[in-house]
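A.B. asks: Numbering (my numbering), first residue to last: 53 to 296. Next up is a structure, given as structure tokens.
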Amino acid sequence: HFMFKTFSAFSRHHQILEKRVQESKYDGLIYTHSQSYLDLVMRWKPQKTIDLLYQKKALMAYNKKENVDFGLKISLDSTEPKKNAILEFIINSNGTVILLRKREDKTYPNPVAVVERIKKITREKKNMFNIFKGLTVFMMRSYHNEVKRDLLKKGASHLLDVGSEFGGDITKWDHYKSVYIHIPNTIVTNQTEDLVDIDKLIEQFTSIGLKLETRDRLNKNKFMSSNEYLLSCMYESLEMTRTK
């Protein structure tokens with residue numbers, strides 16, 4: 053196993069994987085938090101392997117106090133084990149296994165729950181190399197937009213939009229009769245202040261057929277929060293109704 057104390061760029065991980073992870077030499081990667089060994093860890097193995105007891109031509113997993121036949125079959129492409137022992141097998145997506153090596157260091161086979169979990173993972177066909185190359189990685193913003201699109205397709209006629217910021221979602225408001233907008237007057241990023249131009253937002257909203265009904269500046273004292281950022285911001289509320 054490798055152990056990384058800190059996370060570097062995806063490209064760096066990909067280089068390490070390609071250079072170091074070899075079938076016979078490295079079993080997998082373990083990622084730990086840089087400050088603590090007590091947090092949950094992420095483990096990845098390029099090959100999905102399980103440790104089973106080969107006994108009387110059956111492949112046994114550990115279940116509570118005894119070993120039980122897990123029902124897996126040895127692949128036709130595999131070498132047949134010659135004697136009873138705890139062996140490491142590569143598990144295929146079709147449920148068959150291929151003998152990899154004998155586990156001299158093991159006294160018990162993997163528990164049934166572990167075998168079940170690894171068997172399930174093999175069917176998902178996830179590839180860490182593709183993740184580190186960025187081929188299957190999506191920005192969280194894209195996921196949020198997908199969720200918003202699904203919500204905005206609902207059949208309601210009124211919309212409450214909290215945190216409208218610069219009006220990036222106005223194109224999704226076509227079918228609403230009225231839109232109630234609640235936005236911070238300032239957005240603070242990296243200790244720099246970027247003012248939201250409320251008048252420009254109203255201009256954008258009216259361009260899609262919404263008319264301003266009310267405009268209220270809410271006092272920060274109305275917000276019962278210990279969050280210093282929230283308490284330091286003034287909030288603007290706009291109520292827009294469709295004019296066409």
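Glycine included, C-beta positions come from ideal geometry on N, C-alpha and C.
Using a threshold of 8 Å, state whether the C-beta atoms of residue 124 and residue 149 are closer than that.
C.D. replies: A contact, by the Cβ cut-off of 8 Å.
A.B. asks: Can you tell me which of the three DSSP states residue 196 falls into?
C.D. replies: In this structure, residue 196 counts as helix in the three-state DSSP scheme.
A.B. asks: Within 10 Å of its beta-carbon, does residue 199 have 16 or more other beta-carbons around it, so buried, or fewer, so exposed?
C.D. replies: So residue 199 counts as exposed.
A.B. asks: Looking at the secondary structure, which residues open and close the alpha helix (DSSP H) in which residue 118 lies?
C.D. replies: No alpha helix (DSSP H) contains residue 118, which is instead part of the beta strand (DSSP E) from 118 to 121.
A.B. asks: For residue 255 and residue 265, what's the separation of their Cα atoms in angstroms?
C.D. replies: The straight-line gap from Cα to Cα measures roughly 13 Å.
A.B. asks: Just mark residue 208 as buried or exposed, buried being the case when its beta carbon has 16 or more other beta carbons within 10 Å.
C.D. replies: That one is exposed.
A.B. asks: I need the DSSP call for residue 107, collapsed to helix, strand or coil.
C.D. replies: In this structure, residue 107 counts as strand in the three-state DSSP scheme.
A.B. asks: Assuming residue 228 contacts residue 211 under a Cβ cut-off of 8 Å, what Cβ separation, rounded to an integer in Å, is found between them?
C.D. replies: Confirmed, about 5 Å.
A.B. asks: Looking at residue 101 and residue 138, is the spacing between their C-beta atoms short of 8 Å?
C.D. replies: No, Cβ-Cβ distance for residue 138 and residue 101 is not below 8 Å.
A.B. asks: Going along the chain, which residues of its own chain have a beta-carbon closer than 7 Å to the beta-carbon of residue 170, five neighbours each way excluded?
C.D. replies: Around residue 170: 100, 102, 143.
A.B. asks: Using the three-state DSSP reduction, which class does residue 155 fall into: helix, strand or coil?
C.D. replies: Residue 155 falls in the coil class under three-state DSSP.
A.B. asks: Kindly give me the distance between the Cβ atoms of residue 174 and residue 151, rounded to whole angstroms, as I take these residues to be in contact under 8 Å.
C.D. replies: The pair is not a contact, with the Cβ atoms about 16 Å apart (cut-off 8 Å).
A.B. asks: Just mark residue 112 as buried or exposed, buried being the case when its beta carbon has 16 or more other beta carbons within 10 Å.
C.D. replies: When all chains shown are included, residue 112 counts as buried.
A.B. asks: I'd like to confirm something about residue 114: is its beta-carbon nearer than 7 Å to some heavy atom of the ligand GDP, or not?
C.D. replies: Ligands displayed in this structure: none; no statement on the ligand GDP is therefore possible.
A.B. asks: In the DSSP assignment, the beta strand (DSSP E) including residue 137 goes from what residue to what residue?
C.D. replies: 137 to 143 is the extent of the beta strand (DSSP E) around residue 137.
A.B. asks: Which residues mark the beginning and the end of the alpha helix (DSSP H) in which residue 172 is found?
C.D. replies: Segment 164 to 176, the alpha helix (DSSP H) holding residue 172.
A.B. asks: Alpha carbon to alpha carbon, what distance is there between residue 172 and residue 145?
C.D. replies: Approximately 9 Å, taken between the alpha carbons.
A.B. asks: Relative to the C-alpha of residue 162, which candidate in 197, 134, 117, 263 has its C-alpha closest?
C.D. replies: The shortest C-alpha separation from residue 162 is found at 117.
A.B. asks: Spatial neighbours of residue 271 within its chain, please: C-beta separation below 7 Å, excluding the five flanking residues on both sides.
C.D. replies: Bear in mind that a pLDDT of 49 at residue 271, under 50, signals an unreliable position, so the model cannot answer this.
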